[in-house]
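*Asks:* Below are the structure tokens for one structure; questions will follow.
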Amino acid sequence: MLDVALVLASSGCWFAGALASASPRAPERLATGLGLLGSLFALGAALHLLLGGAVSGLDFRVWGLPARLELDALSAAFLLPLHLVGGLGLIYGQRYWPVQLAWGSGRSLRFFYGLLVAAMTLLFLARHGLVFLVAWELMAVSAFFLVGTEHEKPEVRRASWVYLACTHTGTLLLTAMVILMAQRMGGLQWTALPASTSPWFEGGILFLALAGFGFKAGVLPLHFWLPSAHASAPSHVSAILSAVMLKTGIYGILRVSSLLPGIPRGVGGTLLALGALTALYGVGNALAQRDYKRLLAYSSIENLGIIAMGVGLGWTGRATHDPWLMALGFGGAIFHVWNHALFKSLLFYGAGALLHATGTRDMEALGGLARRMPRTALVVFPAVLAVAALPPFNAFLSEWFLYRGLFASLGRGYPWSAALGLVALALAGGLAAVAFARFFGTLFLGAPRSELADHAHDPAASMLLPMAVLAGLCLAVGLGAFLLLPLLDRVIAAAAPGTPALLAAGLRVDFHRLAGVELGLLALVGAGLAWLRRSPEAPEADLPTWDCGYAAAVARAQYTGSSFADAWAPVQPGLRARRPRLRGLFPGGASFRQAFREPFGEVFLEPRVVRVAERLLRFRRFQQGHLPVYLLYVLLTLLGTFLWMLLRGRLLG
């Protein structure tokens with residue numbers, strides 16, 4: 025009871041902080057303090073439960089019907105990244121997007137940021153269909169206003185409306201899912217379903233859950249709203265959207281599936297294959313981006329695909345009653361939820377620092393920022409290594425979980441899904457390394473490509489502190505992951521009831537060995553860097569070498585991010601390049617053009633939606649704008665309904 029009360033108090037603190045931030049009379053420190061206090065409450069309760077505390081719940085009534093809020097290990101697993109990133113984002117936003125902005129968006133952003141965290145906190149506790157949908161809608165509407173913070177820009181307005189249309193489409197599907205669950209459970213309160221003789225009913229619930237939650241998670245082909253929404257939002261908002269809000273889709277899938285008596289055979293393999301395609305699609309399109317925030321958004325699609333692969337692997341183990349596959353699949357998925365929240369939040373905070381210092385999101389206009397922003401480069405670099413799944417940072421271990429699970433699945437008679445998953449995971453890791461080598465090299469190394477980088481500088485300490493905390497956690501989790509294995513066992517038991525605790529017993533020795541190897545690698549790297557810094561510099565030559573007329577390096581002569589990624593054009597689905605053909609000894613002027621269009625959203629879906637909208641415009645003639653005409657429509661509808669009921673009664677009689 026105490027833990028769930030603390031989390032409810034956390035949601036209340038965030039809501040009160042949102043109200044305080046909307047009032048010009050309330051001091052800014054009050055809203056910030058309430059939000060941070062709420063995060064401390066929720067983090068304490070979640071850690072207490074994951075470290076061995078009992079499941080706690082609170083029963084109440086909605087319209088005279090029983091309802092329940094409950095904190096279990098699965099809820100706690102998602103509350104941890106929510107309140108870690110939410111609290112750090114509150115500190116980061118003090119200087120990145122201050123309240124005292126000339127155009128007045130500071131207070132509205134703080135209000136909807138607090139409302140978003142409060143809604144997601146309630147969402148993770150809800151065990152009642154109506155309460156869940158209300159919290160889901162509050163989250164969706166808050167995110168809409170946060171994405172549209174700079175609504176004076178046409179591209180921001182478009183991104184926010186596309187997001188709103190997609191999220192409400194998902195909500196309609198989830199409403200149908202809740203109705204089916206209520207019919208099956210005998211009420212809106214969520215309880216475990218007994219085995220039934222009609223598996224098609226549970227199959228319908230599972231399908232609606234995958235479709236509705238898939239819109240929020242950005243799984244292919246329901247992803248197209250995500251890149252523009254995350255690129256348009258303020259950077260600390262993009263961080264919480266990517267780190268937590270996308271994962272509410274994964275949470276919903278795991279929560280609903282945990283209530284079902286079983287998972288049909290083949291569904292896990294299908295989700296695994298869909299996750300593999302999503303990961304490859306996301307990282308391929310990340311390579312094609314010049315806008316570094318859109319690059320990070322497509323990378324989020326890739327990582328959500330990796331998490332979906334873990335859920336699919338866990339479902340395969342559940343369908344075949346294989347506890348080891350369930351442990352590796354669900355454990356890898358939850359572990360990657362935590363890891364992605366750490367390094368992607370850090371990357372978005374770094375992107376915000378760059379945008380704050382230079383005023384542009386175009387990588388090709390920057391370069392050489394490591395000299396001008398050395399602290400930013402230092403704290404962002406661990407996230408670059410983590411997103412590429414390189415040791416000793418955290419994402420290496422969560423992907424290692426999935427590799428072990430996929431190899432185990434391959435040996436248990438699931439060749440097609442396991443082979444596809446292994447190939448996709450390896451390709452996604454390699455392409456992510458290429459994409460983020462381009463990201464870091466183009467932004468921080470080399471020479472400035474425009475005057476925008478000339479006056480760049482490190483951000484204030486209130487922006488650097490959250491980045492440094494996340495960078496330290498990326499390394500600490502990578503080295504101390506063996507301490508998290510018992511926590512993951514508890515989460516797996518909540519996601520798949522009846523699964524024994526296998527990770528702590530089966531992987532602790534392996535993780536100890538990996539930590540020892542990683543510490544050794546760190547020591548070698550540190551010794552090498554110390555030796556390089558102490559080595560004497562080479563004496564300057566008296567005369568320059570013959571340089572064939574190349575007297576000095578110029579910014580135009582260095583590689584651009586686009587030229588670096590051009591070799592990988594075959595794996596970039598949305599990239600279209602127009603290369604000139606040079607003929608003759610003295611060819612005329614020519615130019616190289618490169619453009620990116622979202623393959624599904626802009627190329628396939630948008631033209632069809634526009635055609636449907638144009639056809640629907642024909643019905644505008646019925647919208648007269650006169651109240652008597654609308655009353656006539658109502659009267660005709662009632663008359664038609666009465667005639668239909670009368671005719672139906674005579675036919676049945």
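Under the numbering used here, the first residue of the sequence shown is numbered 25, with each subsequent residue one higher. The beta carbon of each residue, even a glycine, is placed where N, CA and C say it ideally should be.
1) So leucine 103 packs on alanine 70, CB below 8 Å; how close in whole Å?
2) Which residues share a DSSP beta bridge with leucine 82?
3) Which whole-angstrom value describes the C-beta separation of alanine 9 and leucine 476, a residue pair presumed to lie in contact below a C-beta threshold of 8 Å?
4) Give me, in chain order, the residues of the same chain whose beta-carbon lies closer than 7 Å to that of valine 493; leave out the 5 immediate sequence neighbours on both sides.
5) With C-beta atoms as the reference, is phenylalanine 65 less than 7 Å away from alanine 142?
6) Leaving out the 5 sequence neighbours to the left and right, which residues in its chain are closer than 8 Å to leucine 204 when beta-carbon positions are compared?
7) Where do the N-terminal and C-terminal ends of the alpha helix (DSSP H) with glutamine 207 fall, by residue?
8) Between phenylalanine 284 and glycine 81, what straight-line distance do the alpha-carbon atoms span, to the nearest angstrom?
9) Measuring only the C-alpha atoms, how far is phenylalanine 148 from arginine 557?
10) What residue does the alpha helix (DSSP H) around arginine 11 start on, and which one ends it?
11) For the alpha helix (DSSP H) that phenylalanine 169 lies in, which residues bound it at each end?
12) For the structure I just gave you, are there three or more beta carbon pairs, one from the region 351 to 359 and one from the region 395 to 407, closer than 8 Å?
13) CA-CA distance, alanine 267 and leucine 659?
14) How close, in whole Å, do the beta carbons of phenylalanine 168 and glycine 625 come, if the pair is a contact with beta carbons under 8 Å?
15) Excluding the five sequence neighbours on either side, which residues of its own chain have a C-beta within less than 8 Å of the C-beta of glycine 293, listed in chain order?
16) Going by beta carbon distance, what residues of the same chain come within less than 7 Å of proline 597, once the five residues before and after it are set aside?
17) In its own chain, which residues sit with a C-beta less than 6 Å from the C-beta of proline 524, not counting the 5 before and 5 after it?
18) Report, in whole angstroms, the separation of the C-beta atoms of alanine 183 and serine 99, which I expect to be a contact under 8 Å.
19) I need the straight-line Cα distance from alanine 126 to arginine 134, nearest angstrom please.
20) What residues in its chain sit with their C-beta under 8 Å from that of alanine 55, if we drop five residues either side in the sequence?
21) Rounded to the nearest angstrom, what separates cysteine 190 and arginine 607 at their Cα positions?
22) Ignore the nearest five residues each way along the sequence and tell me which others in alanine 159's own chain have a CB closer than 7 Å to its CB.
23) Output the boundary residues of the beta strand (DSSP E) element that contains arginine 617.
24) Just grab the DSSP bridge partners of arginine 635 for me.
25) Could you have a look at arginine 602 and say whether DSSP puts it in helix, strand or coil?
26) Is there contact between the region 501 to 515 and the region 524 to 541, where contact requires at least three CB pairs shorter than 8 Å?
27) In the DSSP assignment, what are the bridge partners of glutamine 213?
28) Buried or exposed for phenylalanine 417, going by 16 or more other Cβ atoms inside 10 Å?
29) If you draw a straight line from the C-alpha of leucine 663 to the C-alpha of phenylalanine 646, how long is it?
30) Can glutamine 213 and serine 486 be called in contact, C-beta distance under 7 Å?
31) Nearest by alpha-carbon distance to aspartate 83: which of His152, Met397, Phe464 is it?
32) Quick check on the burial criterion: 16 or more other C-beta atoms within 10 angstroms. Buried or exposed for lysine 368?
33) Near valine 1, what residues of its chain come up, given a Cβ to Cβ distance below 7 Å and the 5 sequence neighbours on each side ignored?
34) By Cβ distance below 8 Å, which residues in the same chain neighbour leucine 469 in space, the five residues on each side in sequence not counted?
35) Taking the alpha carbon of arginine 314 as the point to measure from, which residue in Gly236, Ala91, Thr584 has its own alpha carbon closest?
*Replies:* In brief:
1) Reading the sequence shown from its first residue, position 79 is the one you call residue 103. Reading the sequence shown from its first residue, position 46 is the one you call residue 70. Yes, leucine 103 and alanine 70 are in contact; Cβ-Cβ is about 4 Å, under 8 Å.
2) Here the question's residue 82 lines up with position 58 in the sequence shown. DSSP output for leucine 82 lists Leu93 as bridge partner(s).
3) In the structure as shown, the chain begins at 25 and stops at 677. Residue 9 is therefore absent and cannot be evaluated.
4) Counting from one through the sequence shown, the residue named residue 493 turns up at place 469. If we look at valine 493 and ignore the five residues flanking it on each side, its Cβ neighbours are Leu112.
5) What you label residue 65 is simply residue 41 of the sequence shown in a count that begins at 1. What you label residue 142 is simply residue 118 of the sequence shown in a count that begins at 1. Not a contact, by the Cβ cut-off of 7 Å.
6) Your numbering for residue 204 matches position 180 in the sequence shown. Answer for leucine 204: Phe225, Gly228, Ile229, Leu232, listed in chain order.
7) Reading the sequence shown from its first residue, position 183 is the one you call residue 207. Segment 178 to 209, the alpha helix (DSSP H) holding glutamine 207.
8) The residue given as residue 284 occupies position 260 in the sequence shown. The residue given as residue 81 occupies position 57 in the sequence shown. Correcting the residue type first, residue 284 is leucine in the shown sequence and not phenylalanine. Whole-angstrom Cα-Cα distance: 21 Å.
9) In the sequence shown, the residue the question calls residue 148 occupies position 124. In the sequence shown, the residue the question calls residue 557 occupies position 533. Computed Cα separation, rounded: 50 Å.
10) In the structure as shown, the chain starts at 25 and stops at 677, and residue 11 therefore has no counterpart that could be examined.
11) One-based indexing of the sequence shown puts residue 169 at position 145. Unbroken alpha helix (DSSP H) run through phenylalanine 169: 153 to 171.
12) no
13) Position 243 of the sequence shown holds residue 267. Position 635 of the sequence shown holds residue 659. Roughly 51 Å separates the two Cα atoms.
14) One-based indexing of the sequence shown puts residue 168 at position 144. One-based indexing of the sequence shown puts residue 625 at position 601. At roughly 17 Å, the Cβ-Cβ gap does not stay under 8 Å, so phenylalanine 168 and glycine 625 are not in contact.
15) As a position in the sequence shown, residue 293 is number 269, starting the count at 1. The answer, listed in chain order, is Gly336, Thr340, Tyr438, Trp440, Ser441.
16) Here residue 597 refers to the residue found at position 573 of the sequence shown. Counting only Cβ-Cβ distances below 7 Å, and skipping sequence neighbours, we find Tyr305, Gly308, Asn309, Pro623.
17) The residue given as residue 524 occupies position 500 in the sequence shown. Cβ within range, chain order: Pro347.
18) One-based indexing of the sequence shown puts residue 183 at position 159. One-based indexing of the sequence shown puts residue 99 at position 75. With a Cβ gap of about 30 Å, alanine 183 and serine 99 do not count as contacting.
19) In the sequence shown, residue 126 corresponds to position 102, counting from 1. In the sequence shown, residue 134 corresponds to position 110, counting from 1. Any reading at alanine 126 needs caution, since the residue's pLDDT is 47, under 50, leaving its predicted position unreliable; the model's value is listed next. Near 15 Å, if we compare the C-alpha coordinates of arginine 134 and alanine 126.
20) For this step, residue 55 is matched to residue 31 along the sequence shown. The answer, listed in chain order, is Gly41, Ala42, Ala44, Ser45, Arg134, Gly138.
21) In the sequence shown, residue 190 corresponds to position 166, counting from 1. In the sequence shown, residue 607 corresponds to position 583, counting from 1. Looking at the two C-alpha atoms, the distance is approximately 48 Å.
22) For the purposes of this step, residue 159 is identified with residue 135 of the sequence shown, where counting begins at 1. The residues are Ala143, Leu146, Leu147, Ala150.
23) Sequence index remark: in the sequence shown, residue 617 carries index 593 (1-based). It spans 617 to 620 - the beta strand (DSSP E) in which arginine 617 sits, taken as one unbroken run.
24) Translated into the one-based positions of the sequence shown, residue 635 becomes position 611. Bridge partners of arginine 635: none, in fact.
25) Mapped onto the sequence shown, residue 602 falls at position 578. Of the three classes helix, strand and coil, the one that applies to arginine 602 here is strand, per DSSP.
26) yes
27) Within the sequence shown, the letter at position 189 stands for residue 213. Answer is His152, bridged to glutamine 213.
28) As a first step, residue 417 must be located in the sequence shown, where it is residue number 393. By the neighbour-count rule (16 or more Cβ atoms within 10 Å), phenylalanine 417 is buried.
29) Along the sequence shown, one-based indexing puts residue 663 at 639. Along the sequence shown, one-based indexing puts residue 646 at 622. Going by the C-alpha atoms only, they are around 18 Å apart.
30) Counting from one through the sequence shown, the residue named residue 213 turns up at place 189. Counting from one through the sequence shown, the residue named residue 486 turns up at place 462. No, these two residues do not count as a Cβ contact at 7 Å.
31) The residue given as residue 83 occupies position 59 in the sequence shown. For the residues His152, Met397, Phe464, the minimum Cα distance to aspartate 83 belongs to His152.
32) In the sequence shown, counting from the first residue as 1, residue 368 sits at position 344. Counting Cβ neighbours within 10 Å, lysine 368 comes out buried, since at least 16 surround it.
33) Examination of residue 1 is not possible in this model, given that the chain is present from 25 through 677 alone.
34) Taking the sequence shown and counting its residues from 1, the one referred to as residue 469 is at position 445. Cβ within range, chain order: Gly391, Gly392, Ala394.
35) Residue 314 sits at position 290 when you count from the first residue of the sequence shown. Among Gly236, Ala91, Thr584, the Cα nearest to that of arginine 314 belongs to Thr584.
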